[in-house]
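To start, the structure itself, in structure tokens.
Numbering (the numbering used here), first residue to last: 948 to 1739.
Shown next as structure tokens:
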């Protein structure tokens, strides 16, 4: 790829951004030297690596390679058998520790996670943990070897410590003892690596020993007392032994490192490559970039592409197509409208994509592989070469025409500018026609109307324009393909305050054809805006309809679920009731079968019969639907009269009004044998007779309902009730039974003390529609049941 295009499109600034995300020296070098590729397989491999690294970053976070230093020189020394210093061995240790972290980072907790293109690199890494631990154990820092690096070194340093202690002990006793008066200062110092004391010059003869130095004034001499000369000599010998032992330790560590030289070289190479790959992924993450889809057909289809060097919060995304249906795109529009940015966006994203970098655009944007990108953008005037702007641009054009082929992308900014407009436009058309005939993918910006007409009238050539809002004098930076743009020079000048008469004078200078063409462009622009507004409104309506449809479907699903649940509950309840009924029936059959096979007393049979009836009554209560809550009555004194049939709401009992309402709205109501005072607000009129004896009182409508025979049983059970309760219930029951034309009924009162039986019989004696009553026969209930017969 030619360097001029890389510089023109500011590719080097992308590399600077990329380098900032690398954490190792060698990784930064790879970023700095990255160049666009032209081999599709290599490009797709790098794109896949970037995508896989980005996926890992989103799942696990980033991976640092800051401990990876350039140790290639040290490794070269190991090849020839040299011994490494402490700093070099620590650099090897740091590399191995980074290798271990990278290895751990690569391990997946999810065994089902699919493999990616980076797995092979991570698998090759060899942490060599025993070697790194040994280096870390022996070397504490670049200036210090651990005492435990070897037993010999530990023994030497222990002896050195003891010798030092003896020297300090003797010197301290001398300084603080009899020789103190001879000293300049009561301190112990070192000269030439040996311990000395500062003695006044006049007393140097009083202190036997070796003089090693004197002060600049000559008033002080530094004397090594004879008593510690031997100890100092021993200390120097121990220091020599210590240094020799350190050399042995470093030699052994270097030899052990050299045994794994090949693994270490591979680790360095792979970690550097991984640092480079993860830097590309981090750059993609920062730019919210995606992996482009490459082709070799020269097709570019960038969706919502953003120039990566413009603030992502300010840049306006653009859609750019080229090579699919047309291979030449002519972009027109006013200055500062974004034409050059569109041009640079296409070129820079192409270079980034071919370098293995993701591009800041929507998913599935398409790029083509070009062997060369030629870009003539900006003011190329050269004072040194005595070239004008036009000459400089034309020099570039000549070079492009010579070198460009069908595998090239050519970008022109203001082609033909800098010279006579008529000649410039003609020249620009000729250049573009030549490139178009060669099938070279070309994108050019221009102000010339002739080029707009050329694009409209030539197959395979398409117009595009950068939208501009004349009202606000601001560009929208939207690229509109298929629509030629207006320069809007007159409109912009008018908005900026240029007098109308000057603008009108200027309009007279242009031909009628050019003016008509600009009018057509204005009409097209207005139609486009209207269509876009209508499409946006249609899209909004569609979205609203879609939302309402989803809500309706969700509501329908909810209703269906409730319906299914209600039906299921009902089926379960019906199944339970049928099961209980079957159990009752089975139990009844067992009792009667037992009665037929065995001799059972009437008392036992009656007891079983009573138990079964109680169970059936209990089941009936469970099955009964709850009656809806009654509304408060609104009857007034005018609505009722004597003999009206009513229902007492609080008691849910029927009765007959037997008195006129008083001032407080209270009336007497006859309910069987009971007569009670009730408020009109607790009553409601009913449309059926209330039978109190052999004579019937009709309701207000005069109708008598004859449906009693369908509901009245042939037996009433009064067991467990008091005489008053039993008589009230018996009175209503006998009325209903007589009305239903039953010939006889059974009254179950039990034997007990006989009080209930006596009360029932006394009441029956008073009823005129009772023909006869008597105790039941043996086997029918005996003395616990009374048979009542009605008159015909």
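Glycine residues also receive a C-beta, built at the ideal position from the N, C-alpha and C atoms.
For residue 1617, no alpha helix (DSSP H) encloses it; the enclosing beta strand (DSSP E) starts and ends at 1613-1618. The C-alpha of residue 1073 lies about 41 Å from the C-alpha of residue 1259. When beta bridges are read from the DSSP output, residue 1144 appears opposite 1170. Counting only residues of its own chain and dropping the five nearest sequence neighbours on each side, residue 1001 has a CB closer than 7 Å to the CB of 1228, 1231 and 1232. In the DSSP annotation of this structure, residue 1401 is not part of any beta strand (DSSP E); the continuous alpha helix (DSSP H) holding it starts and ends at 1396-1404. Between the alpha carbons of residue 1220 and residue 1257 lies a gap of roughly 29 Å. Classified as exposed, residue 1511 has fewer than 16 neighbouring CB atoms from the shown chains inside 10 Å of its CB. If you draw a straight line from the Cα of residue 1381 to the Cα of residue 974, it is about 44 Å long. Separation of residue 1200 and residue 1212 (C-alpha to C-alpha, rounded to the nearest whole angstrom) is 17 Å. The DSSP-derived three-state label of residue 951 is helix.
A Cβ-Cβ separation of about 37 Å leaves residue 1273 out of contact with residue 1491 under the 8 Å criterion.
DSSP lists 1171 as the beta-bridge partner residues of residue 1157. When 1030, 1081, 999 and 1085 are compared, the shortest CA-CA separation from residue 1065 is found for 999.
Boundaries of the beta strand (DSSP E) harbouring residue 1662: 1662-1664, taken from the DSSP string. The alpha-carbon separation between residue 1723 and residue 1692 amounts to approximately 11 Å. By the criterion of a C-beta distance shorter than 7 Å, residue 1378 is surrounded in its chain by 1344 and 1362, once the five residues flanking it on both sides are discounted.
The alpha helix (DSSP H) runs lying completely inside the region 961-1008 and spanning 4 residues or more are 972-979 and 987-1007, given in chain order. Residue 1242: member of the beta strand (DSSP E) spanning 1240-1242, first to last residue.
A Cβ-Cβ distance of about 14 Å is found for the pair residue 1277 and residue 1374, leaving them out of contact under the 8 Å criterion. Excluding five sequence positions before and after residue 1271, the CB atoms of its chain that fall closer than 7 Å to its own CB belong to 1246 and 1248, given in chain order. By the neighbour-count criterion, in which 16 or more other beta carbons inside 10 Å mark a residue as buried, residue 1486 falls on the exposed side.
Between the C-alpha atoms of residue 1203 and residue 1067 there is a straight-line separation of about 27 Å. C-alpha of residue 1209 to C-alpha of residue 1360: approximately 53 Å in a straight line. In the three-state reduction of the DSSP assignment, residue 1734 falls in the strand class, which pools E and B. Bounds of the alpha helix (DSSP H) holding residue 1211 are 1208-1233.
Annotation note: the region 1266-1292 contains the following uninterrupted beta strand (DSSP E) runs of length 3 or greater, listed N- to C-terminal: 1275-1279.
Here DSSP, grouped into helix, strand and coil, assigns residue 1321 to strand. Annotated three-state conformation of residue 1136 is strand, per DSSP.
DSSP, read as helix, strand or coil, puts residue 1083 in helix.
Leaving aside the five residues that flank residue 1372 on each side, the residues in its chain whose CB is nearer than 7 Å to its CB run, in chain order, 1363, 1395, 1397 and 1398. Nearest C-alpha to residue 1696 among 1614, 1690 and 1668: 1668. A straight-line Cα-Cα distance of about 30 Å links residue 1707 and residue 1633. Residue 1321 and residue 1076 have their alpha carbons spaced roughly 51 Å apart. Inter-segment contact for the region 1169-1179 and the region 1109-1120 is present: three or more beta-carbon pairs are separated by less than 8 Å.
In terms of Cα proximity to residue 1014, the closest of 1027, 1035 and 1134 is 1035. A distance below 7 Å between beta-carbons, with the five flanking residues on each side excluded, links residue 1099 to the following residues of its chain, in chain order: 1192.
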